[in-house]
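In the working numbering, the protein residues as written are 92 to 315.
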């Protein structure tokens, strides 16, 4: 039997996409031996104020510019096409139904994972997909400290290999805690710099910087 391809799914507003996103995706891809990583821009993120987000067509175009030279990176606009809030459970069900022969890893930072018990149908998430939880600056390096209490009974420790700690869900899907180096950059900081007419050079790919300047994004009141 042929080995199933392993696909990473990285969701977010990407408002804008920056080198921190790209480097994290590349590190996880290498560590978990993923065949591809799909970037999934959100339309209406349930846990963020959507009035502060650039138009979806601009965020999608910036993603296209950012990943165009990496053959392992792709974009899915499934959440942009869907009406209503971009719930992760709906996205994971879409991928598992449409591509049953692939093995998916939903990539999320420790900051979001620590509050995943506030997400829609959060217990169902781990029945639909594997998860890769990546270390984030400012959060504990001990992953057990970001493991929501409401989830612990559903998992058991499996093994540790290099920079990965594996847990098994009761559905037999995998939860992989992945230690990465990462780059400490935030979209919020980038937007603040732009509003203050300061340089964002070396924080985003050159093509993305040029696009933001050309389109005059994140300069108006309410764009933070």
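Don't be surprised by glycine CBs; every beta carbon is placed ideally from N, CA and C.
All values reported here derive from a predicted model rather than from experimental measurement.
Asked                                                                                                                                                      : Found
Between the stretch 277-286 and the stretch 107-122, do three or more beta carbon pairs fall short of 8 Å?                                                 : yes
Taking the alpha-carbon positions, what's the residue 264 to residue 221 distance?                                                                         : 5 Å
Quick check on the burial criterion: 16 or more other C-beta atoms within 10 angstroms. Buried or exposed for residue 300?                                 : buried
So, at 7 Å on beta carbons, what are the nonlocal neighbours of residue 131 in its own chain, with the 5 sequence-adjacent residues on each side left out? : 100, 101, 102, 167, 169, 170, 182
Just grab the DSSP bridge partners of residue 250 for me.                                                                                                  : 257
So, using beta-carbon positions, are residue 162 and residue 207 closer together than 9 Å?                                                                 : no
Using the three-state DSSP reduction, which class does residue 127 fall into: helix, strand or coil?                                                       : strand
Identify which residue in 152, 129, 296 has its Cα closest to the Cα of residue 193.                                                                       : 129
Name the two residues that bound the continuous beta strand (DSSP E) containing residue 165.                                                               : 164-166
Between the Cα of residue 244 and those of 254, 269, 214, spot the shortest distance and give me the residue it belongs to.                                : 214
Once you ignore the five residues that flank residue 186 on each side, which residues in its own chain have a CB closer than 6 Å to its CB?                : 195
Would you call the stretch 247-262 and the stretch 288-299 in contact, with 3 or more CB pairs under 8 Å?                                                  : no
Give the DSSP bridge partners of residue 222, in chain order.                                                                                              : 197, 266
Which residue's Cα is closest to the Cα of residue 256: 262, 242, 271?                                                                                     : 271
Less than 9 Å between the C-beta atoms of residue 104 and residue 150, yes or no?                                                                          : yes
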